[in-house]
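This report concerns only the one structure given below.
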Amino acid sequence: MQQDILINWSPQETRVAVVEFGAVQELHVERTLERGLVGNVYLGKVARVLPGMQSAFIDIGLDKAAFLHVADVWQRQPDGDMPAAARTGQPLVPIEKQVFEGQALMVQVIKDPIGTKGARLSTQISIAGRHLVFLPQDDHIGVSQKIPSDQRDALRSRLQALVGTAGGGFILRTNAEDSSDDELQDDIAYLRKTWARIKDASTRLPPTSLLHQDLTLLQRVLRDLVGERTQSIRIDSREQFDKLAAFASEFMPKAAERLQLYKGERPIFDLYAIDEEIARALGRRVDLKSGGYLIIDQTEALTTVDVNTGGYVGARNFEDTIFKTNLEAAQAIARQLRLRNLGGIIIVDFIDMSRAEHQDAVLAEFKKQLARDRVKTMAGGFSSLGLLEMTRKRTRESLAHMLCEPCPSCQGKGIVKTPRSVVYDILREILREARQFNPREFRVVASPAVIDLLLDEESPHLAGLSDFIAKPISLQAEGSLGPEQYDIVLL
Numbered sequence: 001m002q003q004d005i006l007i008n009w010s011p012q013e014t015r016v017a018v019v020e021f022g023a024v025q026e027l028h029v030e031r032t033l034e035r036g037l038v039g040n041v042y043l044g045k046v047a048r049v050l051p052g053m054q055s056a057f058i059d060i061g062l063d064k065a066a067f068l069h070v071a072d073v074w075q076r077q078p079d080g081d082m083p084a085a086a087r088t089g090q091p092l093v094p095i096e097k098q099v100f101e102g103q104a105l106m107v108q109v110i111k112d113p114i115g116t117k118g119a120r121l122s123t124q125i126s127i128a129g130r131h132l133v134f135l136p137q138d139d140h141i142g143v144s145q146k147i148p149s150d151q152r153d154a155l156r157s158r159l160q161a162l163v164g165t166a167g168g169g170f171i172l173r174t175n176a177e178d179s180s181d182d183e184l185q186d187d188i189a190y191l192r193k194t195w196a197r198i199k200d201a202s203t204r205l206p207p208t209s210l211l212h213q214d215l216t217l218l219q220r221v222l223r224d225l226v227g228e229r230t231q232s233i234r235i236d237s238r239e240q241f242d243k244l245a246a247f248a249s250e251f252m253p254k255a256a257e258r259l260q261l262y263k264g265e266r267p268i269f270d271l272y273a274i275d276e277e278i279a280r281a282l283g284r285r286v287d288l289k290s291g292g293y294l295i296i297d298q299t300e301a302l303t304t305v306d307v308n309t310g311g312y313v314g315a316r317n318f319e320d321t322i323f324k325t326n327l328e329a330a331q332a333i334a335r336q337l338r339l340r341n342l343g344g345i346i347i348v349d350f351i352d353m354s355r356a357e358h359q360d361a362v363l364a365e366f367k368k369q370l371a372r373d374r375v376k377t378m379a380g381g382f383s384s385l386g387l388l389e390m391t392r393k394r395t396r397e398s399l400a401h402m403l404c405e406p407c408p409s410c411q412g413k414g415i416v417k418t419p420r421s422v423v424y425d426i427l428r429e430i431l432r433e434a435r436q437f438n439p440r441e442f443r444v445v446a447s448p449a450v451i452d453l454l455l456d457e458e459s460p461h462l463a464g465l466s467d468f469i470a471k472p473i474s475l476q477a478e479g480s481l482g483p484e485q486y487d488i489v490l491l
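All residue numbers in the sequence shown are consecutive under the UniProt record's numbering, ending with 491.
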């Protein structure tokens, strides 16, 4: 399975598309004014300690205070110098005994602000390199769990020899399995130099200052997305190509060989109709090639995916139709989760299957497709109601939340009241106001559709109300008002 990475750069926005099998599998967007915060290190100031929640709010200079839970407070342990959060069975020291209001505290963002929630923090600093993750507060040498267990001990010993006695802990990343000693040594030097700059800044800058910013999306593409399957990395900006080539030649020579400047006349995203794919990824409905379709609804608590047969009648019998639709849906759902960057709890309502072997085959295909996802996923089996529950790690906003905002008319509900419902709301409101106040006249200001209804079909009710309250009621259409918006002016 070959992979191509396309990068569309502009001064205000960087967009990255990962293409496999000729189709977009992942989309990454970074806006200059809205860069993510994960990985950033701040000198925070403790604003409030909440013993009941075992957490604290930390001011790091953002609009919303960030959140620090006791499990993310690093504390040195006598047996191995591991952070408390990484150990099981170890009692946690209460947060009120570790931090206090007004304290300056070095913290790192581990989750971006999402919705109404502020950023989540940790006091255990980790700096990611190409091959290693540096843990400057620890002395632990670790190896990624994705590397086969029979290779871990040898890799750990090899890394320990390279690290020496200079201090600090390191974790060998999955992509470092075949790296040379020189590559690892270069990474160690780079990470130690970065940590030295952070420490120096923490002694010079005031609280709420940014001490270290994570790599840009362009640089993270080379660090995190490029692998053995990557055929090419094409970018459409000469300036950014030069910068990326210099960065790659210093830290990621293998990636530098695949970097290409795109000089075509067509926009780079037109090569795979990526803009059209983005537009489809923002909709609820996803059509399947067989004629079936998915309905994807994202809520605050979870995401639901409903599978429907639609117009698919191609199989020999109804059971086979359902089975083939579900198989195709399993592939499409896994792709949509990556494409839309959906995280948290996800409930999939496949079409009910009466045969156990069909359920097993669909579940196996779904898990096979999920295995291609770089983000951690966990899927269970079918419940007694035929639903499949799964989770996908949420590390940043979904594509829809990043590119869209709630509709100003429906406020995100997806529906609005009919003009007739709004008319009846207005009539009730006028009656309520007439019992409390004694104006000369009531004036209704509403959308044209509502005013038209009051002038036409609902005019007898309006006239009856006017007679009942013994006050004239005038009407004014205002095109700038939404379907549910109205105002009753007392004159």
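The beta-carbon is built from N, C-alpha and C at its ideal position, and this holds for glycine as well.
Practice task
Return helix, strand or coil for R15, following the three-state DSSP convention.
Solution key: Indexing the sequence shown from 1 puts residue 15 at position 15. DSSP places R15 in the strand class (E or B) of the three-state scheme.
Exercise for the section: Taking W195 as part of the alpha helix (DSSP H), name the residues at either end of that continuous run. Expected result: Taking the sequence shown and counting its residues from 1, the one referred to as residue 195 is at position 195. Unbroken alpha helix (DSSP H) run through W195: D181 to R204.
Handout entry: Contact set for G482: own chain, Cβ-Cβ below 6 Å, skip 5 residues either direction
Key = Within the sequence shown, residue 482 is the residue found at index 482, counting from 1. Counting only Cβ-Cβ distances below 6 Å, and skipping sequence neighbours, we find S409.
Problem - Cβ neighbours of R335 in the same chain (closer than 7 Å, five flanking residues each side left out) - result: On the sequence shown, residue 335 is found 335 positions in, with the first residue counted as 1. The answer, listed in chain order, is Q25.
Practice task
State buried or exposed for G203, treating a residue as buried only when at least 16 other CB atoms are found within 10 Å of its CB.
Solution key: If you number the sequence shown from 1, residue 203 lands on position 203. Here residue 203 is Thr; the residue named in the question, Gly, does not match the sequence. Result: exposed.
Practice task
Provide the residue span of the beta strand (DSSP E) that contains V226, from first to last.
Solution key: Taking the sequence shown and counting its residues from 1, the one referred to as residue 226 is at position 226. It is not in any beta strand (DSSP E) - V226 carries neither H nor E in the DSSP assignment.
Exercise for the section: Measure the C-alpha to C-alpha separation of G310 and A23 and round it to an integer number of angstroms. Expected result: Walking along the sequence shown from the start, residue 310 turns up at place 310. Walking along the sequence shown from the start, residue 23 turns up at place 23. About 23 Å.
Practice task
Could you work out which residue in T230, Q476, R229 and E257 is closest to F241 when comparing CA atoms only?
Solution key: Taking the sequence shown and counting its residues from 1, one reaches residue 241 at position 241. If we check each option's Cα against that of F241, E257 comes out closest.
Exercise for the section: Out of L225, I198 and I147, point me to the one whose CA is closest to V19's CA. Expected result: Numbered from 1 along the sequence shown, position 19 holds the residue referred to as residue 19. Looking at the Cα atoms, L225 is the closest of the given residues.
Problem - Contiguous alpha helix (DSSP H) assignments of at least 4 residues, all confined to the stretch 380-419 - result: Listed in chain order, the complete alpha helix (DSSP H) runs (minimum 4 residues) inside the stretch 380-419 are 399-403.
Practice task
Give the DSSP-derived three-state secondary structure of V286 in the structure shown.
Solution key: Position 286 of the sequence shown, counted from the first residue, corresponds to residue 286. Residue state, collapsed to three classes: strand.
Exercise for the section: Counting only the same chain and skipping the five closest in sequence on each side, list residues whose C-beta sits under 7 Å from that of L475. Expected result: Residue numbering aside, residue 475 sits at position 475 when the sequence shown is read from its first letter. Leaving aside the five residues that flank L475 on each side, the residues in its chain whose CB is nearer than 7 Å to its CB run, in chain order, V444, I451, L454 and L455.
Problem - DSSP state of V93 mapped onto helix, strand, coil - result: To locate residue 93, count along the sequence shown from 1; it is residue 93. Coil.
Exercise for the section: Indicate whether A176 and L215 have their beta-carbon atoms separated by less than 9 Å. Expected result: As a position in the sequence shown, residue 176 is number 176, starting the count at 1. As a position in the sequence shown, residue 215 is number 215, starting the count at 1. Not in contact: A176 and L215 (Cβ atoms no closer than 9 Å).
Exercise for the section: In angstroms with no decimal places, state the Cα-to-Cα distance between L129 and K111. Expected result: For the purposes of this step, residue 129 is identified with residue 129 of the sequence shown, where counting begins at 1. For the purposes of this step, residue 111 is identified with residue 111 of the sequence shown, where counting begins at 1. It is Gly, not Leu, that sits at residue 129 in the sequence shown. Going by C-alpha positions, G129 is about 19 Å away from K111.
Exercise for the section: Assign M82 to one of two classes, buried (16 or more other C-beta atoms within 10 Å of its C-beta) or exposed (fewer than that). Expected result: Taking the first residue of the sequence shown as 1, we reach residue 82 at position 82. With a pLDDT of 44 at M82, under the threshold of 50, the modelled position of that residue is not reliable, and no figure is offered here.
Problem - Whole-angstrom distance between A463 and P472, CA atom to CA atom - result: Within the sequence shown, residue 472 is the residue found at index 472, counting from 1. Within the sequence shown, residue 463 is the residue found at index 463, counting from 1. Per the coordinates, the alpha-carbon of P472 lies some 9 Å from the alpha-carbon of A463.
Practice task
Report the residue ranges of all beta strand (DSSP E) runs contained in full by the stretch 136-163; include only those spanning at least 3 residues, in chain order.
Solution key: Runs of the beta strand (DSSP E) inside the stretch 136-163: 141-143.
Problem - F350 beta carbon less than 9 Å from that of A332 - result: Here the question's residue 332 lines up with position 332 in the sequence shown. Here the question's residue 350 lines up with position 350 in the sequence shown. In this structure, F350 does not lie closer than 9 Å to A332 by Cβ.
Exercise for the section: For my contact list, L342 and Q411 are in at a C-beta cut-off of 8 Å; report their separation, rounded to the angstrom. Expected result: Looking up residue 342 in the sequence shown gives position 342. Looking up residue 411 in the sequence shown gives position 411. Rounded, the Cβ-Cβ distance is 22 Å, inconsistent with contact.
Problem - Presumed contact (8 Å Cβ cut-off) between R48 and E101, rounded CB distance - result: On the sequence shown, residue 48 is found 48 positions in, with the first residue counted as 1. On the sequence shown, residue 101 is found 101 positions in, with the first residue counted as 1. Cβ atoms of R48 and E101 come within 8 Å of each other, at about 6 Å.
Handout entry: Where the beta strand (DSSP E) through T165 begins and ends
Key = Locating residue 165 in the sequence shown gives position 165, counting from the first residue. According to the DSSP assignment, T165 belongs to no beta strand (DSSP E), since it is labelled neither H nor E.
Practice task
Excluding the 5 residues preceding and the 5 following Y272 in the sequence, name in chain order all residues of the same chain whose CB lies nearer than 8 Å to its CB.
Solution key: Locating residue 272 in the sequence shown gives position 272, where the first residue counts as 1. L6, A17, V19, G22, A23 and V24.
Practice task
Please report how far the alpha carbon of I188 lies from the alpha carbon of S249, in whole angstroms.
Solution key: Indexing the sequence shown from 1 puts residue 188 at position 188. Indexing the sequence shown from 1 puts residue 249 at position 249. The C-alpha of I188 lies about 17 Å from the C-alpha of S249.
Problem - Own chain residues within Cβ distance below 8 Å of A84, not counting five before or after - result: Counting from 1 along the sequence shown, the entry for residue 84 is found at position 84. For A84, the predicted structure reports a pLDDT of 43, less than 50, and the residue's modelled location is therefore unreliable. A value from the coordinates is still provided. Counting only Cβ-Cβ distances below 8 Å, and skipping sequence neighbours, we find A71, V73, W74, Q75, Q77, Q90, L92 and V93.
Handout entry: At least three beta-carbon pairs within less than 8 Å, the stretch 252-271 to the stretch 220-236
Key = Under the Cβ criterion (8 Å, minimum of three pairs), the stretch 252-271 counts as touching the stretch 220-236.
Handout entry: CB contact flag (G381, L363, <9 Å)
Key = For the purposes of this step, residue 381 is identified with residue 381 of the sequence shown, where counting begins at 1. For the purposes of this step, residue 363 is identified with residue 363 of the sequence shown, where counting begins at 1. Taking 9 Å as the Cβ cut-off, G381 and L363 qualify as a contacting pair.
Exercise for the section: Work out the CA separation of T230 and Q2 for me, nearest whole Å. Expected result: Translated into positions along the sequence shown, residue 2 becomes position 2. Translated into positions along the sequence shown, residue 230 becomes position 230. One alpha carbon belongs to Q2, the other to T230, and they sit about 6 Å apart.
Exercise for the section: May I ask you to report which of helix, strand or coil DSSP gives D59? Expected result: For the purposes of this step, residue 59 is identified with residue 59 of the sequence shown, where counting begins at 1. Looking at D59 - three-state DSSP - the assignment turns out to be strand.
Exercise for the section: Check whether the Cβ atoms of L465 and L427 sit closer than 9 Å, and answer yes or no. Expected result: Counting from one through the sequence shown, the residue named residue 465 turns up at place 465. Counting from one through the sequence shown, the residue named residue 427 turns up at place 427. Between L465 and L427, the CB-CB gap stays under 9 Å.
Practice task
Identify, in the order they occur along the chain, each residue of the same chain with its Cβ nearer than 6 Å to the Cβ of H212, setting aside the five sequence neighbours on each side.
Solution key: In the sequence shown, the residue the question calls residue 212 occupies position 212. These residues qualify, in order along the chain: V41 and I198.
Practice task
Keeping to the same chain, check which residues put their C-beta closer than 7 Å to that of residue 493; ignore five residues upstream and five downstream.
Solution key: Any answer about residue 493 is impossible in this case: the structure gives the chain only from 1 up to 491.
Handout entry: C-alpha distance - A434 paired with I469, whole-angstrom precision
Key = The residue you call residue 434 lines up with position 434 of the sequence shown. The residue you call residue 469 lines up with position 469 of the sequence shown. Approximately 7 Å between the Cα atoms of the pair.
Problem - Three-state secondary structure assigned by DSSP to V450 - result: Translated into the one-based positions of the sequence shown, residue 450 becomes position 450. Note: V450 maps to helix in three-state DSSP.
Handout entry: Separation of V221 from R392, as counted between CA atoms
Key = Reading the sequence shown from its first residue, position 392 is the one you call residue 392. Reading the sequence shown from its first residue, position 221 is the one you call residue 221. Rounded to the nearest angstrom, the two C-alpha atoms are 21 Å apart.
Exercise for the section: Grab me the residues of T88's own chain with a C-beta within less than 8 Å of its C-beta, minus the 5 sequence neighbours each way, in chain order. Expected result: Stepping through the sequence shown from its first residue, residue 88 is reached at position 88. Note that T88 has pLDDT 46, beneath the 50 cutoff, so the model's placement of it is unreliable and the number below is only indicative. Around T88: no qualifying Cβ.
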